[in-house]
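**Q** Protein chains in written order, with the working numbering: chain A, 483 to 948; chain B, 483 to 948; chain C, 483 to 948. We put the CB at the ideal spot given by N, CA and C, even for glycine.
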Amino acid sequence: MRLLKELDRKDPVEVGRELHDFASELFPICRSITGNGIRQTLTRIRQRIPMEILEVPTGTRVFDWTIPKEWNIRDAYIKDATGNRLVDFKQCNLHVLNYSVPLQATMALKQLKPHLHTLPEYPDWIPYRTSYYKEDWGFCLSHNQMLALRDSDYEVCIDSTLTDGHLTYGECYLPGSLTDEVLISTHVCHPSLANDNLSGLAVATALAELLTEHDLRYSYRFLFIPGTIGAITWLARNRETVERVRHGLVLTGIGDAGGLHYKKSRRGNAEIDQAVAHVLRHHCEGSAILEFSPYGYDERQYCSPGFNLPVGCLMRSVWGTFPEYHTSADNLDFIKPHQLADSLRVCASVIDVLENNLRYQNLNPFCEPQLGKRNLYRSRGGDAIAMETNARLWVLNLSDGEHSLLDIAERSGLPFSTISQAAEVLREAGLLSLVAEDVPEKAQPNSNFDAGMSLAQSSRGPRRST
Amino acid sequence: MRLLKELDRKDPVEVGRELHDFASELFPICRSITGNGIRQTLTRIRQRIPMEILEVPTGTRVFDWTIPKEWNIRDAYIKDATGNRLVDFKQCNLHVLNYSVPLQATMALKQLKPHLHTLPEYPDWIPYRTSYYKEDWGFCLSHNQMLALRDSDYEVCIDSTLTDGHLTYGECYLPGSLTDEVLISTHVCHPSLANDNLSGLAVATALAELLTEHDLRYSYRFLFIPGTIGAITWLARNRETVERVRHGLVLTGIGDAGGLHYKKSRRGNAEIDQAVAHVLRHHCEGSAILEFSPYGYDERQYCSPGFNLPVGCLMRSVWGTFPEYHTSADNLDFIKPHQLADSLRVCASVIDVLENNLRYQNLNPFCEPQLGKRNLYRSRGGDAIAMETNARLWVLNLSDGEHSLLDIAERSGLPFSTISQAAEVLREAGLLSLVAEDVPEKAQPNSNFDAGMSLAQSSRGPRRST
Amino acid sequence: MRLLKELDRKDPVEVGRELHDFASELFPICRSITGNGIRQTLTRIRQRIPMEILEVPTGTRVFDWTIPKEWNIRDAYIKDATGNRLVDFKQCNLHVLNYSVPLQATMALKQLKPHLHTLPEYPDWIPYRTSYYKEDWGFCLSHNQMLALRDSDYEVCIDSTLTDGHLTYGECYLPGSLTDEVLISTHVCHPSLANDNLSGLAVATALAELLTEHDLRYSYRFLFIPGTIGAITWLARNRETVERVRHGLVLTGIGDAGGLHYKKSRRGNAEIDQAVAHVLRHHCEGSAILEFSPYGYDERQYCSPGFNLPVGCLMRSVWGTFPEYHTSADNLDFIKPHQLADSLRVCASVIDVLENNLRYQNLNPFCEPQLGKRNLYRSRGGDAIAMETNARLWVLNLSDGEHSLLDIAERSGLPFSTISQAAEVLREAGLLSLVAEDVPEKAQPNSNFDAGMSLAQSSRGPRRST
């Protein structure tokens, strides 16, 4: 399978437009870590890819955490004495402190002010703030809006509910020949913010869609989860599945105009780290590799010391380093169709590496085999050889059963695809054999959605959303 | 214990002044590798810290070496025909070649000249020269002094004695909870030279004084010894004690205006190497780490291949790289109170790292524990976290029983003290436990001065000075 | 043995002149991978060093390859209608596509043209082209020559033979105390090209000559072989000898004006890699170390994964990176006597490292031994020590039975020869002993030419040329 090749059959402009359209479709929904916003979002994803939507009741213990009450919101506003909505949730769902408890009150500006959040450095932008685990209420507004508030009484309403309910997440499992899995995780809990993380959500969905059309070596598991609590919940409920995760990526903030950044897994030298670094080095200028750190996105949980999974995080601009981060300026203009399509291409390239990163045994290890008599070498001696011939020499020289094709690509400085194609040509010529433990087992006929099923039927009793 | 915190309660100007005063008090004494100069020096140190003064007889074999005869000197001069002292030991004890045999003679300039040592490049300075192991005599003088000598007869007198006696050294043992030791070694054999090594002597004494006021995890052993032969003697007489040395520092030349230099132990990757490098990186600009080399100070002996102790050397300007080295220009002006105090602070920081460099086990290794419910995280989501919160995440993520706090500080780029405080907070919150083998044993009640005692009572029969 | 010291007794100008003279003597011969050209070349070499000339019949299988038919050529030309030789093999043997099949024909320019090879970018130079393994014929000529050809009929003659015969190669075995071998391999199949590889051939011959005059620790095997097929043939016929190869060098293109380049063995960290890197670092400015790659010279075969021998390649300008490569401009002016002599010096230095790279045990490992009493240290204390004293301290400090002298040279930054001489002085003073497994066994009295003999007598039945 060559995913990138498949993807490149499509018009890249069209690919970018579709990704951006999907983000635009989901943009208005007020998501949070629980509630109907996330349900609606997952339902839209399920229209595109096979996916289970799973629900876990409030109060369930997940490691050191507890599933919180479910939050929903219909409306919120600050009205002046004349009934004008000065701050209006219906205009922008960032206006309410996410997870605000219900409130209906009239109060003086002085009482209201401690509950108002603004960004003085960017006086036109609305910040995004949350209070998931401490009951509180508040409004986020532009600093200019706040400055315009006169010393008066205001009608303040938050028409929300915070009650026992469920935490909801989506899981898309695509079985391959191996039960070993590639985990793709993306958080879906942010309200009207485009880069963080509708970009990740859209690219992950498109990637899953692309994979459904192909025979896969690895099995793939896509998680669409609320940040932190969702990853913790999934890990708590899938202690055994976790052992199958051979590679993983958190996709987030990959639509902005910045260069790609990959934050390595805690292990630092996992195959996924090597694979993404290789792809970025050959794919594009201006990308960068970051060392692991325990602050960030859901790799925090996957890379906690008890799991220490080989999961890195692929982004464009790094969270917290650009002013639009977690503000109303992270809107649909902030993400670019071209960049979304490019991120999807990188993901496809990474999967191409993972799928094809096999180890071979040179069947003529003593001296070079005579490539010329197999028409795999230039017949005229004296001038230079082509890159593809060079790739063949590299593959033959390093195929000692130890070096993977990615190792060979790295040592030769050649792109993985060139090395991988050279290996294919040499294997067809009978010069290489696959190392035994890399030969894929036959696909397990009943493995499709097995994991999702077992979740659904487990004694922990998740309820399947319909 | 936080030694630096204790030290920083004092006025740094006062600390610097006291260090310089102690150097000034000792400056006039004519020290050598044996004799009364070193005895007087050790007696002054013993007024400040608990210390054994040990003596080993001339002729004692210490590995490949033999304790030399004891040298003492009362006077030395070169007089002209009119009886004027042209070169006078009483004006500066560098004037005599250290360890010169006794001499009383009148001789022509021509005969005298081969015994005169000068520094033509620095014509006003007197060089420091020695001849410990080859019987010789000589005078060191400024080049200008020598140029002024006319072709005449001179009365030459060296009123010294070179007879069977003892080699004298001091040993200060401060017991801690562990019998594992930190060795601090400083040479005390140089006459009126300030940086080399009254600076090291003064800082080591102050450091020992500071440590006596605290409960210690490690035991500490301070050696005040004549260079080379003193270290060899101590090692020869303490073959078993040596096994307890877990970390060590040679302190020398740490009062001049230059930046700090740390020469790594022969091992190159010992904990002391990591600790000092960490402290210097965070403590100050302009410091540098040097690779081990077998030329230098007493680390030469501690790092000989049979011992290979984890002992590095902390200096300011590196020996031999500044013109004042081993000349009369290495005087009390050459060392700065501020620099002495700063060196003491660095030593205190290093000890803080060693004392607190423990390994912990994260008791919630699967996913992050919920810091928010323990008031260890900001409750409002959406904005950045503080460095101390970040430090907590690092400690939790890497506390797998393998990484030490210093490892975590290095990988996170945060100062050790921040990481160490985060670990303390997390341990108090019940989120970490100390790795079993790092739990200090109970203090051995009788361990104080044990080593000194056993030395005193050993069959090698050292005589205790009174 | 100190080969460089021996070499440096000769006048370097004379050494360079002799090397260049030998190249000049061999330059006119039309060599190929088989045939009389290579036989004549080997015969000239055998006049200088003890060497077996071995022949392997056409059709013999050597791994994946087969010894080709033997090619010989007497004449070749392109004549115009008036009988003028426009392209004449007798003027330059590069004019014929090496291994061209016999041909006698008259043909139009149009038919001739596909068989003409030129270099449009260097219109005065004749390219060097071959067609060993695909029967073909052709002429190589300057681009200007080709442009001058009018649309006419030409008489084309290649008076060659391509018939069953032999592949010929030379093997010079110099036995040392150890049966472990150093392999020096150089290809001898190129016709009138000076740098590639008469330079390598001349230096290898001179090196072997130099070695015959000395007692050797290692045994040395020099191979003078046709490129690729020669190395494959030798390896196929010497599967057991190969196991004795401890270090190896391919010598090629070492006469041009460029800086020295060393391409590392596939292992990358073999002793030969360390040794050559050390010598180049201390020997000269402008040298460079290249990582291994599977394209190049006969190291391709020695470093094939089944053998993975510690064989690197020493060159000056790297093949393919200079325009003269594989053209008539690689002539006797392109190689410089001074550079040839310098390359020989580097080879001698490398062999000095290999021969003397022993491991010692410090017999006084606890503290420094007292060098002063053995007159191995300056007696006057206080001033700096000399490099040779410093070298002694390094050798003593690191002679723990693990570090080789080359390790010590690398870590100290001192030249190997200084370290090696220090070790000798210390061993003579009774301070070091050789590590047991480094002590050379006694020379095997009958080992001389054993390998060559056994080849000659093997069932594979090589015929010895006379």
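Please list the residues of the segment 845-856 of chain B that have a C-beta atom closer than 8 angstroms to any C-beta atom in chain A, keeping them in chain order.
**A** If the cut-off is 8 angstroms between Cβ atoms, the segment 845-856 of chain B has N846, P847, F848, C849, E850, P851, Q852, G854, K855 near chain A.
**Q** Y651 of chain C and G750 of chain C: beta carbons closer than 9 angstroms?
**A** Cβ distance not < 9 angstroms, so Y651 of chain C and G750 of chain C don't count as in contact.
**Q** Any Cβ of chain A within less than 9 angstroms of the Cβ of H502 of chain B?
**A** It does not: the Cβ of H502 of chain B has no partner Cβ on chain A nearer than 9 angstroms.
**Q** By the 10 Å Cβ neighbour count, where 16 or more other Cβ atoms means buried, how is I869 of chain C classified, buried or exposed?
**A** One point to set straight first is that residue 869 of chain C is Met, not Ile, in the sequence displayed. Label assigned to M869 of chain C: exposed.
**Q** Against chain A, which members of the segment 615-635 of chain C pass a CB distance test of less than 9 angstroms?
**A** Per Cβ criterion, the list reads Y615, K616, D618, G620, C622.
**Q** What separation, rounded to the nearest whole angstrom, lies between the Cα atoms of L485 of chain B and S613 of chain B?
**A** C-alpha separation (whole angstroms): 41 angstroms.
**Q** In chain C, what lies closer than 9 angstroms to P609 of chain B by C-beta?
**A** Chain C residues near P609 of chain B: G864, D865.
**Q** Counting only C-beta atoms, is L878 of chain B closer than 9 angstroms to chain A at any point?
**A** So, interface residue.
**Q** Please report how far the alpha carbon of T809 of chain A lies from the alpha carbon of G735 of chain A, in whole angstroms.
**A** Rounded to the nearest angstrom, the two C-alpha atoms are 13 angstroms apart.
**Q** If you draw a straight line from the C-alpha of K487 of chain B to the C-alpha of K818 of chain B, how long is it?
**A** Near 22 angstroms, if we compare the C-alpha coordinates of K818 of chain B and K487 of chain B.
**Q** Is S936 of chain B buried or exposed, if buried means 16 or more other CB atoms sit within 10 Å of its CB?
**A** No answer about S936 of chain B holds up, because its pLDDT of 34 lies below 50 and its placement is not dependable.
**Q** Could you pull the start and end residues of the alpha helix (DSSP H) that V538 of chain B belongs to?
**A** Premise fails: V538 of chain B lies in the beta strand (DSSP E), 534-539, not in any alpha helix (DSSP H).
**Q** To the nearest angstrom, how far is it from the Cα of N626 of chain B to the Cα of N575 of chain B?
**A** Each residue's alpha carbon lies about 18 angstroms from the other.
**Q** Would you kindly work out how many angstroms separate the C-alpha atoms of V832 of chain B and Q903 of chain B, rounded to a whole number?
**A** Looking at the two C-alpha atoms, the distance is approximately 16 angstroms.
**Q** For L683 of chain A and L887 of chain A, I'd like the C-alpha separation in whole angstroms.
**A** If I take the Cα positions, the gap works out to 31 angstroms.
**Q** What does DSSP give as the partner residue(s) for L717 of chain A in the beta ladder?
**A** For L717 of chain A, which the question treats as bridged, DSSP gives no partner whatsoever.
**Q** Let me make sure I understand the geometry here. Which of B:L878, B:D662, B:F571, B:L568 has the alpha-carbon closest to that of K920 of chain B?
**A** First, the amino acid is wrong: residue 920 of chain B is Asp here, not Lys. Residue B:D662 is the option with its Cα nearest to D920 of chain B.
**Q** Does the beta-carbon distance from V761 of chain C to V828 of chain C come in below 9 angstroms?
**A** It is a contact, given that the beta carbons lie within the stated cut-off.
**Q** Got a sec? Which residues, its chain only, sit under 8 angstroms from M589 of chain B by beta carbon, not counting five neighbours each side?
**A** Only D635, Y636, V638 meet the Cβ criterion.
**Q** On the premise that L501 of chain C lies in contact with R526 of chain C, defined as a C-beta separation below 8 angstroms, what is that separation, rounded to the nearest angstrom?
**A** Between L501 of chain C and R526 of chain C the Cβ distance is about 14 angstroms, and since that is not below 8 angstroms, they are no contact.
**Q** Closest Cβ-Cβ distance between A925 of chain A and chain B: below 9 angstroms?
**A** In this prediction, A925 of chain A scores a pLDDT of 41, lower than 50, which makes its location untrustworthy; no coordinate-derived value is stated.
**Q** How about the segment 754-774 of chain C and the segment 694-711 of chain C: do they share at least three Cβ pairs that are nearer than 8 angstroms?
**A** In short, these stretches do not touch, since the Cβ pair count stays below three.
**Q** Just the Cα atoms here: how many angstroms apart are A759 of chain A and L826 of chain A?
**A** Using only the alpha carbons, I get a separation of about 16 angstroms.
**Q** Restricting to runs no shorter than 4 residues, where is the alpha helix (DSSP H) found entirely within the segment 678-742 of chain C?
**A** Entirely contained in the segment 678-742 of chain C, the alpha helix (DSSP H) runs reaching 4 residues are, in chain order, 682-694, 711-719.
**Q** Leaving out the 5 sequence neighbours to the left and right, which residues in its chain are closer than 6 angstroms to A690 of chain C when beta-carbon positions are compared?
**A** So the qualifying residues of the chain are I531, C654, F704.
**Q** Any chance the segment 848-865 of chain C sits against the segment 889-897 of chain C, with 3 or more Cβ pairs inside 8 angstroms?
**A** Touching, no.
**Q** Kindly say whether D882 of chain C, judged by its beta-carbon, lies nearer than 9 angstroms to any beta-carbon of chain B.
**A** Closer than 9 angstroms to some Cβ of chain B, the Cβ of D882 of chain C qualifies, so yes.
**Q** Around the C-beta of P602 of chain A, are 16 or more other C-beta atoms found within 10 angstroms, so that it is buried, or is it exposed?
**A** Per the 10 Å Cβ criterion, exposed.
**Q** Interface residues of chain A around Y842 of chain C at Cβ under 8 angstroms?
**A** Within 8 angstroms Cβ-Cβ: nothing; Y842 of chain C doesn't reach chain A, min ~35 angstroms.
**Q** Buried or exposed, going by whether 16 or more other CB atoms sit within 10 Å of the CB of G778 of chain C?
**A** Buried, since its Cβ has 16 or more Cβ neighbours within 10 Å.
**Q** State whether the segment 723-740 of chain A contacts the segment 787-806 of chain A, with contact taken as three or more CB pairs (one from each stretch) at a distance under 8 angstroms.
**A** Contact holds: three or more Cβ-Cβ distances are below 8 angstroms.
**Q** Can you check which of these residues, C:H577, C:W553, C:H648, is closest to K616 of chain C by C-alpha distance?
**A** Nearest of C:H577, C:W553, C:H648 to K616 of chain C, Cα basis: C:W553.
**Q** Can you say whether R942 of chain B is buried or exposed, counting buried as having 16 or more other CB atoms within 10 angstroms of its CB?
**A** Only weak support is given to the placement of R942 of chain B: the predicted model assigns it a pLDDT of 35, under 50, and the question is left unresolved by the model.
**Q** Based on the DSSP output, what are the partners of S810 of chain A in its beta bridges?
**A** S810 of chain A is not bridged to any residue.
**Q** If we ignore side chains and look at the alpha-carbon of each, how far apart do G498 of chain A and I535 of chain A end up?
**A** In a straight line, the C-alpha of G498 of chain A is about 27 angstroms away from that of I535 of chain A.
**Q** Would the beta-carbon of I890 of chain A fall within 9 angstroms of that of V877 of chain A?
**A** Their beta carbons are under 9 angstroms apart, which means I890 of chain A touches V877 of chain A by this criterion.
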